[in-house]
Amino acid sequence: MEAIIQIKDVTKTFIGRENEVEALKGINLDIEKGNICGIIGMSGAGKSTLVRCLNFLEKPTSGTVLIEGQDLQAMNDAQLRKVRTEIAMIFQHFNLLMQRNVRDNVCFPLEIVGMKRKEAKNRAMELLKIVGLTEKAKAYPAQLSGGQKQRVAIARALANNPKILLCDEATSALDPTTTKSILALLKEINEQYGITIVIITHEMSVVQEICNQVAIIDNGSLVESGSVEEVFSRPRTKAAQKLVFQGERRTDRMQGRHCIRIVFSENSSFEPVISNMVLACKAPVNILLADTKDIGGIAHGQMVLQLPEDNVTAEKMIQYLKERNLAVEELVDYVE
1 MEAIIQIKDV
11 TKTFIGRENE
21 VEALKGINLD
31 IEKGNICGII
41 GMSGAGKSTL
51 VRCLNFLEKP
61 TSGTVLIEGQ
71 DLQAMNDAQL
81 RKVRTEIAMI
91 FQHFNLLMQR
101 NVRDNVCFPL
111 EIVGMKRKEA
121 KNRAMELLKI
131 VGLTEKAKAY
141 PAQLSGGQKQ
151 RVAIARALAN
161 NPKILLCDEA
171 TSALDPTTTK
181 SILALLKEIN
191 EQYGITIVII
201 THEMSVVQEI
211 CNQVAIIDNG
221 SLVESGSVEE
231 VFSRPRTKAA
241 QKLVFQGERR
251 TDRMQGRHCI
261 RIVFSENSSF
271 EPVISNMVLA
281 CKAPVNILLA
291 DTKDIGGIAH
301 GQMVLQLPED
311 NVTAEKMIQY
321 LKERNLAVEE
331 LVDYVE
């Protein structure tokens, strides 16, 4: 599938009076047309700066951003404005116009491009139907819940039929139930209209809920990217491992030489494979972490085990697991 967004060697440095901050360091990433891509990292990692470079709200210090093969850096202001109508954005705090009612908020971007008032009103009502808010057309933002405000923001973002929708922490201000409904709406929009969606978030739960591609940003660098299933099943870097396991119970430090991580497939996650291994090898193990995630409707289980100190027994256990088609990864300095 073709890449609708290509990011090539993008850097961004902010220069202050007393210091320089290198927010992005040589980012390379392709986002395929029709994908839902999650860009995730801890606070201050550089992910919001990256998403603002995708529509040139922030101009990269160096590097290239291509949208459908067009280099944004090479465009004049008029060309850039035209491309920006195809790249919509929604924000954490909705950014609605408080003095306008819901319908007129959705009309606003249509007015900017010169659509006649009657046509704009009709289009706004079509969009409010898509997001399930036709009955709130004449309400004002102050009368809406957080989830309803974000639905209005999504309707407004769709007004000019964008090809790309950028979501900068769009669910961070919402409760879990509302977040789930907004993510379901975004997935529906992606499937029905083929809009490519880029979601900036610090929450792995958001990525695993609707994304099929993920890029992990750490300290301004892209440290890992790929399909959500691939990255969740086998995170290679410390930054990815920290995000995959965020919020889970774990030991402060791993004791002993033999710590492994095993990944269960859909078929094997319900089998008592660990109990059977302990019985077969006649030695106990310490379960340091156990978790199952739903990724794209498929259950993916994982465990971190501390094996016996004896090399022969530990190797026998690893072989036992591999023979049952489980992915086994030996961990070194996994937990800091």
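Be aware that the sequence shown starts at 1, since it is given in the working numbering, and climbs by one per residue. We put the CB at the ideal spot given by N, CA and C, even for glycine.
Buried versus exposed, by CB contacts within 10 Å (16 or more), residue i
i: residue 128; result: buried
i: residue 307; result: buried
i: residue 214; result: buried
i: residue 138; result: exposed
i: residue 232; result: buried
i: residue 264; result: buried
i: residue 98; result: exposed
i: residue 105; result: buried
i: residue 46; result: buried
i: residue 177; result: exposed
i: residue 218; result: buried
i: residue 70; result: exposed
i: residue 244; result: buried
i: residue 314; result: buried
i: residue 241; result: buried
i: residue 74; result: exposed
i: residue 23; result: buried
For residue j and residue i, believed in contact at Cβ under 8 Å, the rounded distance
i: residue 329; j: residue 260; result: 6 Å
i: residue 168; j: residue 200; result: 5 Å
i: residue 55; j: residue 186; result: Going by Cβ atoms, the distance from residue 55 to residue 186 rounds to 18 Å, so no, they are not a contact pair.
Top-ranked residue by Cα proximity to residue i, from the options
i: residue 225; options: 162, 202, 39, 317; result: 39
i: residue 150; options: 140, 165, 171, 134; result: 171
i: residue 102; options: 166, 5, 140; result: 140
i: residue 112; options: 3, 84, 75; result: 84
i: residue 210; options: 219, 14, 221, 229; result: 229
i: residue 51; options: 16, 87, 21; result: 87
i: residue 53; options: 157, 66, 42; result: 66
i: residue 205; options: 179, 310, 197, 195; result: 179
i: residue 302; options: 155, 79, 218, 327; result: 327
i: residue 64; options: 42, 155, 57, 28; result: 28
i: residue 155; options: 162, 142, 131; result: 131
i: residue 157; options: 115, 108, 76; result: 108
i: residue 194; options: 96, 203, 162; result: 162
i: residue 323; options: 286, 75, 73, 262; result: 262
i: residue 184; options: 36, 286, 76; result: 36
i: residue 235; options: 33, 212, 16, 331; result: 331
i: residue 369; options: 68, 60, 325, 133; result: What is shown of the chain runs 1 to 336, which leaves residue 369 out entirely.
Close Cβ partners of residue i (< 8 Å) along its chain, the five nearest in sequence each way excluded
i: residue 110; result: 119, 120, 123, 124, 159, 160
i: residue 250; result: The pLDDT assigned to residue 250 is 45, lower than 50, so where the model puts this residue is not dependable, and the model offers no usable value.
i: residue 174; result: 146, 147, 150, 182
i: residue 207; result: 38, 40, 199, 201, 214, 228
i: residue 30; result: 3, 5, 6, 7
i: residue 58; result: 12, 49, 52
i: residue 142; result: 98
i: residue 9; result: 26, 27, 28, 62, 63, 64
i: residue 144; result: 102, 136, 152
Sequence-distant residues of the same chain with beta carbon closer than 6 Å to residue i, five excluded per side
i: residue 153; result: 90, 94
i: residue 272; result: none
i: residue 223; result: 216, 237, 239
i: residue 164; result: 87, 196
i: residue 21; result: 14
i: residue 100; result: none
i: residue 135; result: none
i: residue 18; result: none
i: residue 286; result: 306
i: residue 252; result: Legend: pLDDT at residue 252 = 43, less than 50; position of this residue unreliable, no value from coordinates given.
Beta carbon proximity, residue i to chain C, threshold 8 Å
i: residue 209; result: In the structure shown, chain C does not exist; there is a single protein chain.
Beta-carbon contacts of residue i that lie in its chain and below 7 Å, excluding the five residues immediately before and after
i: residue 320; result: 277, 280, 281
i: residue 126; result: none
i: residue 25; result: 11, 220, 221
i: residue 284; result: 278
i: residue 42; result: 202
i: residue 318; result: 260, 328
Near the ligand FMN: residue i beta-carbon under 7 Å from a heavy atom
i: residue 15; result: Looking at this structure, you won't find the ligand FMN or any other ligand, since it has none at all.
Completely contained alpha helix (DSSP H) runs for the segment 123 to 211, where each covers 4 or more residues: Counting only runs of 4 or more residues that sit fully inside the segment 123 to 211, the alpha helix (DSSP H) segments are 146 to 157, 176 to 193, 204 to 210, in chain order.
Segments assigned alpha helix (DSSP H), at least 4 residues, entirely inside the segment 21 to 105: If we require 4 residues or more, the alpha helix (DSSP H) runs fully inside the segment 21 to 105 come out as 47 to 53, 77 to 84.
message: Quick check for students: name the residue ranges of the beta strand (DSSP E) that lie wholly in the segment 216 to 242, counting only runs of 3 or more.
response: For the segment 216 to 242, the full-length beta strand (DSSP E) segments reaching 3 residues or more read 221 to 227 along the chain.
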